[in-house]
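Working notes, structure below.
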Amino acid sequence: MVKATQKKSMPKEVTMELNFNIKTELTGKPRNQRSAMAVRAIKRHARKVMGTTRVRIEPELNKFVWSQGIHNPPKKVRLLLKRQANPDFEDWDKTNKFMTVVGFKLVPSLKGLHTKVYQEEQTA
Numbered sequence: 017m018v019k020a021t022q023k024k025s026m027p028k029e030v031t032m033e034l035n036f037n038i039k040t041e042l043t044g045k046p047r048n049q050r051s052a053m054a055v056r057a058i059k060r061h062a063r064k065v066m067g068t069t070r071v072r073i074e075p076e077l078n079k080f081v082w083s084q085g086i087h088n089p090p091k092k093v094r095l096l097l098k099r100q101a102n103p104d105f106e107d108w109d110k111t112n113k114f115m116t117v118v119g120f121k122l123v124p125s126l127k128g129l130h131t132k133v134y135q136e137e138q139t140a
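Under our numbering, residues 17 to 140 are what the sequence shown spells out, in order.
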């Protein structure tokens with residue numbers, strides 16, 4: 017008998033800090049438009065990890081990705097993914113209850129850094 021897998025439910029508001037390897041996403045891709053592809057790959061990863069359809073990239077992260085030009089984005093980046101309530105949420109729109117805001121953190125080296133999850137404390 018096969019057990020039915022249950023989808024893990026994430027807490028409502030959560031912040032994750034994780035490493036993202038841009039180089040693996042761009043391997044074998046043409047050199048023109050690589051920075052734009054890197055931004056799309058970051059959004060795709062945030063959608064997958066946080067389970068939201070709406071993803072917003074902070075301008076600082078966008079500038080960091082584009083800082084070395086269109087052909088040569090940075091190889092790795094430390095991402096801050098914040099899952100928060102969608103300010104445009106309406107009662108009839110069940111799918112976009114939450115949105116993800118993607119920022120980044122400047123670190124001297126990514127060695128030894130692992131994924132951290134910070135859960136928001138809910139006060140009643």
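C-beta: ideal position from N, C-alpha, C; glycine also.
Pick from the options that is closest to residue i, judged by C-alpha positions
i	options	result
Trp-4	Glu-106, Arg-70, Arg-50	Given a span of 17 to 140 for the chain in the structure shown, any question on residue 4 remains unanswerable.
Gly-119	Ala-62, Lys-39, Gly-44, Thr-40	Ala-62
Met-66	Glu-29, Lys-121, Pro-75	Glu-29
Lys-45	Glu-106, Asn-88, Lys-121, Asp-104	Asn-88
Cβ separation of residue i and residue j, assumed to be a contact under 8 Å, to the nearest whole Å
i	j	result
Gln-100	Phe-114	7 Å
Val-117	Arg-72	5 Å
Arg-70	Asn-112	6 Å
Per-residue DSSP class, three states only, for residue i
i	result
Thr-116	strand
Lys-132	strand
Ile-73	strand
Phe-36	strand
Lys-121	strand
Lys-64	helix
Arg-153	A question about residue 153 goes unanswered here, because the residues of the chain that appear run from 17 up to 140.
Leu-16	Shown here, the chain extends from 17 to 140; a query on residue 16 therefore has no answer.
Ala-57	helix
8 Å Cβ cutoff, residue i in contact with chain B
i	result
Ala-62	Included in the structure is just one protein chain, with no chain B present.
Residues of its chain near residue i, where Cβ-Cβ distance is below 8 Å and the 5 sequence neighbours each way are ignored
i	result
Leu-126	Asn-35, Lys-92, Arg-94
Ala-52	Ile-86
Ile-58	Phe-36, Ile-38, Ile-73, Leu-77, Val-81, Val-93, Leu-95, Val-118
Leu-42	Arg-50, Met-53, Ala-54, Ala-57, Pro-89
Chain-order list of residues whose beta-carbon lies under 7 Å from that of residue i (same chain, five-residue window excluded)
i	result
Thr-68	Arg-99, Phe-114, Met-115, Thr-116
Quiz item: Hey, is the stretch 122 to 136 in contact with the stretch 33 to 43, meaning 3+ C-beta pairs nearer than 8 Å?
Solution: Touching, yes, given that three or more Cβ pairs across the two stretches are closer than 8 Å.
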